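In what follows, a single structure is set out as structure tokens and then discussed.
In this note's numbering, the protein residues as written are 263 to 447.
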């Protein structure tokens, strides 16, 4: 009797949890359609940082990164290590390429030290909140608290991604395909 009651309570609790709370990555599609792409994002800043930055391709993302400005980003990269100064700043310009209004976009500029002895990663995330209508663009600015990373052997990579897009009734996480030293760049 107790066992049957315990199973019934467990089933009732699981059934009461909203479907999105159980597994947000496997929730039903958000129901948006995409129109075009922004093409190649414009990247500005010091030549050495611009050369390191990869805007990760995300063809399924409802929001495109259309520009990245690293002009105020203070970073030094030496061999297989990097150091980002406290107060470094960068901006990312975004375009809603979906047919639905967006209320939040989260992303990151990420340093990775990829090597034979594991990967290390660190970066600065950004979050924009408001209402971004289809076709509209917005610019967000992020400041870093500083950081560093190194690996005995490896390559430093710098990339930026859209990590999460929030619609009225849905959260979408675009795919990411990072560059690795073994792959052609």
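Each residue gets a CB set at the ideal place from its N, CA and C atoms; glycine is no exception. None of the values given here were measured: they were computed from a predicted structure.
How many angstroms separate the CA atom of residue 427 from the CA atom of residue 311?
-> As a working note, residue 427 is residue 165 in the chain shown. As a working note, residue 311 is residue 49 in the chain shown. Each residue's Cα considered, the two are about 26 angstroms apart.
Residues of its chain near residue 398, where Cβ-Cβ distance is below 6 angstroms and the 5 sequence neighbours each way are ignored = On the chain shown, residue 398 is found 136 positions in, with the first residue counted as 1. Hits under 6 angstroms: 358.
Using a threshold of 9 angstroms, state whether the C-beta atoms of residue 307 and residue 333 are closer than that.
-> The sequence position of residue 307 within the chain shown is 45, counting from 1. The sequence position of residue 333 within the chain shown is 71, counting from 1. Note that the C-beta distance between residue 307 and residue 333 is below 9 angstroms.
Would a C-beta distance cut-off of 9 angstroms place residue 408 and residue 350 closer than the cut-off?
-> Position 146 of the chain shown holds residue 408. Position 88 of the chain shown holds residue 350. Yes, the Cβ-Cβ distance between residue 408 and residue 350 is below 9 angstroms.
Using 10 angstroms around the beta-carbon of residue 378, count the other beta-carbons present and answer buried if the total reaches 16, otherwise exposed.
-> Here residue 378 corresponds to residue number 116 of the chain shown, with the count starting at 1. Confidence at residue 378 is low in this model, with a pLDDT of 46, below 50, so the placement of that residue should be treated as unreliable; the coordinate-derived value is given next. Residue 378 should be labelled exposed.
Which ranges would you report for the beta strand (DSSP E) in the region 297-377 if only whole runs of at least 3 residues count?
-> With a minimum length of 3 residues, the continuous beta strand (DSSP E) runs that stay inside the region 297-377 are 304-306, 315-317, 325-331, 337-340, 343-346, 351-358, 364-377.
Between the CA atoms of residue 360 and residue 297 - distance to the nearest angstrom = Walking along the chain shown from the start, residue 297 turns up at place 35. Walking along the chain shown from the start, residue 360 turns up at place 98. Using only the alpha carbons, I get a separation of about 6 angstroms.
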